[in-house]
Structures are given as C-alpha cells and as structure tokens.
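> Using the UniProt record's numbering, the letters of the sequence shown correspond one by one to residues 1 to 177.
Ideal Cβ placement from N, Cα and C applies to all residues, glycine included.
Note that the structure is a prediction, hence the values are computed from the model and not measured.
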Amino acid sequence: MKLIAEPAPSFDDPIGLLRACHERIISHCDILERLAEHLSQVGADPEAQQAAARIRRYFEISGPAHHADEEVQLFPWLLAQAKFPDILRSSVANLAAQHRQLEATWQTLAADLVQVEAGQVPHLLLVEPFVSMNRAHVALENGEIFPIAEKLLDLSTMRSLGMAMATRRALVENETQ
1 MKLIAEPAPS FDDPIGLLRA CHERIISHCD ILERLAEHLS QVGADPEAQQ AAARIRRYFE
61 ISGPAHHADE EVQLFPWLLA QAKFPDILRS SVANLAAQHR QLEATWQTLA ADLVQVEAGQ
121 VPHLLLVEPF VSMNRAHVAL ENGEIFPIAE KLLDLSTMRS LGMAMATRRA LVENETQ
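1. Go through its chain and collect everything with a Cβ distance to GLY162's Cβ below 6 Å, but skip five positions before and after it.
2. Going by alpha carbons, who is nearest to HIS137 out of VAL72, GLN107, ALA97 and LEU125?
3. With respect to the alpha helix (DSSP H) encompassing GLY63, which residues constitute its N-terminal and C-terminal limits?
4. Would you mind sorting ASN94 into buried or exposed? The rule is 16 or more other CB atoms within 10 Å of its CB.
5. Taking its Cβ as the centre, do 16 or more other Cβ atoms sit within 10 Å of THR108, making it buried, or is it exposed?
6. Could you check the C-alpha separation between PRO46 and ILE145 for me, to the nearest Å?
7. Suppose contacts are defined by Cβ-Cβ distances below 7 Å. Is ALA53 in contact with GLU117 by that definition?
8. Hey, is LEU125's beta-carbon within less than 7 Å of any beta-carbon in chain B?
9. Any idea if HIS123 is buried or exposed, counting beta-carbon neighbours within 10 angstroms, 16 or more meaning buried?
10. Kindly list the residues whose CB is nearer than 8 Å to the CB of LEU152, restricted to its own chain and excluding five residues on each side of it in sequence; keep chain order.
11. In angstroms, rounded to a whole number, what distance separates the CA positions of GLN101 and GLU175?
12. So, at 8 Å on beta carbons, what are the nonlocal neighbours of GLY43 in its own chain, with the 5 sequence-adjacent residues on each side left out?
13. Specify the secondary structure class of GLU128 as computed by DSSP and reduced to three states.
14. What span of residues does the alpha helix (DSSP H) with PHE75 cover, start to end?
15. Do you know offhand how far ARG89's Cα is from ALA164's?
16. Using 7 Å as the threshold, is the C-beta distance between CYS29 and VAL92 below it?
17. Straight-line CA distance for ASP86 to GLY143?
18. Using CA atoms only, rank isn't needed, just tell me which of TYR58, ARG34 and GLU141 is closest to GLU173.
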C-alpha cells in the first residue's frame, strides 16, 4: 500500500513529464464519464460544479501547453532524427492533426461544463467523442512514440526540451494570474 503519491517527474525528464500529463488527461476523462452519470442522478450539485471547474481549467490551461510541448519541441525533433522509424513519421504528423480535433471537440464539452459550473444541468453532457479520442491519442503516444523518443534523446536534448516546457508553463502561469 502506498501512503504517499509518487512525485511528478521534473523538467529534467520531459518524456516522463508528458506521460504524467497523459495520466492526468485519462484521469480527467474518467471523471468526465462519472460526471455525466452524476448529473443524471444528482444534478449540478456543488461536487459536480467543482469537478466541472477543475476539468475545464485543466483542459483549457494545461492541455494547450501539453500540445505545444509535443508540436513545437518533441515532434519536430523526432522527425529530424535519422533513426526515427519511417513507419511512424506519418503517425507523428497525424498526432498534431488529432490535437486540432481534440481542441474542436473540447469546445462543445467546455460550453456544457460552464453550465454545470453555474449549477445548471446541460441537456446532454457530450463527453464523447472527446474521451475516446483522448484515450486513443494517449495510447499511441505512450505506446509507440514516447518509447522511441526515450531511446533517441540525449542528455543535452532532454535538457533543452525540459527548459522549453518549463518556460511555456511559466508563461501560461503568468497569463492566468
């Protein structure tokens, strides 16, 4: 039994940090599914309002930063590597396109979550296709792309990626304050 949660990876481990983000994405997707059921049974009570606010904040602040970490730093670097498998190059390009699809489906869901935060039950909380798209997206990145990235990354590149991620987080934090 673990009494204390494992600490989150630091910016010295950029792939570990991206994996930790994926864990939070999946956790929020699980909560979204439970929230839909909760709304139908209990309504938009304070617990539902708080869950909706947390989920919305995560996907509106951390989500875009996570996508940028991959699209601006990791994916271009991977595609520039001669040892990156040709068979996965189109998958990397497709992952960036999936980010746009996830962002588009998020907009509908976010509007529903705003209603829940205000104590209202939306006609229908559309957690799909957002949840299933995220699960498939995370599975591909964690299962295919990240293991290869971990093998190819050298210490200097890991530091560079980590510093860019830290800078992005600091900028986002400053904008939200």
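Looking at the atomic coordinates:
1. Within the sequence shown, residue 162 is the residue found at index 162, counting from 1. So the qualifying residues of the chain are PHE11, ASP12 and PRO14.
2. Here residue 137 is taken as the residue at index 137 of the sequence shown, counted from 1. Per the Cα distances, ALA97.
3. Here residue 63 refers to the residue found at position 63 when the sequence shown is read from its first residue. For GLY63, the enclosing alpha helix (DSSP H) stretches over residues 63-68.
4. Working through the sequence shown from its first residue, we reach residue 94 at position 94. When all chains shown are included, ASN94 counts as exposed.
5. Along the sequence shown, read from residue 1 onward, the residue named residue 108 stands at position 108. Residue burial is scored here from C-beta neighbours: THR108 has fewer than 16 other C-beta atoms within 10 angstroms and is therefore classed as exposed.
6. Locating residue 46 in the sequence shown gives position 46, where the first residue counts as 1. Locating residue 145 in the sequence shown gives position 145, where the first residue counts as 1. Their backbone Cα atoms lie some 40 Å apart in a straight line.
7. Here residue 53 is taken as the residue at index 53 of the sequence shown, counted from 1. Here residue 117 is taken as the residue at index 117 of the sequence shown, counted from 1. The answer is yes: Cβ separation under 7 Å.
8. Among the protein chains of the structure shown there is no chain B, as only one such chain exists.
9. Within the sequence shown, numbered from 1, the residue matching residue 123 stands at position 123. With fewer than 16 Cβ atoms within 10 Å of its Cβ, HIS123 is classed as exposed.
10. To locate residue 152, count along the sequence shown from 1; it is residue 152. Short of 8 Å from the beta carbon of LEU152, and not among the five residues preceding or following it, lie these beta carbons of its own chain, in chain order: LEU78, GLN81, LYS83 and PHE84.
11. Residue 101 sits at position 101 when you count from the first residue of the sequence shown. Residue 175 sits at position 175 when you count from the first residue of the sequence shown. Distance between the alpha carbons of GLN101 and GLU175: 25 Å.
12. Your numbering for residue 43 matches position 43 in the sequence shown. For GLY43, where only same-chain residues beyond five positions count, the Cβ hits under 8 Å are VAL121.
13. Counted from its first residue, the sequence shown places residue 128 at position 128. It is coil, neither helix nor strand.
14. Residue 75 sits at position 75 when you count from the first residue of the sequence shown. Its alpha helix (DSSP H) spans residues 75-79.
15. On the sequence shown, residue 89 is found 89 positions in, with the first residue counted as 1. On the sequence shown, residue 164 is found 164 positions in, with the first residue counted as 1. So the alpha carbons of these two residues sit roughly 23 Å apart.
16. Looking up residue 29 in the sequence shown gives position 29. Looking up residue 92 in the sequence shown gives position 92. Going by C-beta atoms, CYS29 is not nearer than 7 Å to VAL92.
17. By one-based count along the sequence shown, residue 86 stands at place 86. By one-based count along the sequence shown, residue 143 stands at place 143. Taking the straight line joining both Cα atoms gives about 16 Å.
18. Here residue 173 is taken as the residue at index 173 of the sequence shown, counted from 1. Selected option, being the one with the closest Cα: TYR58.
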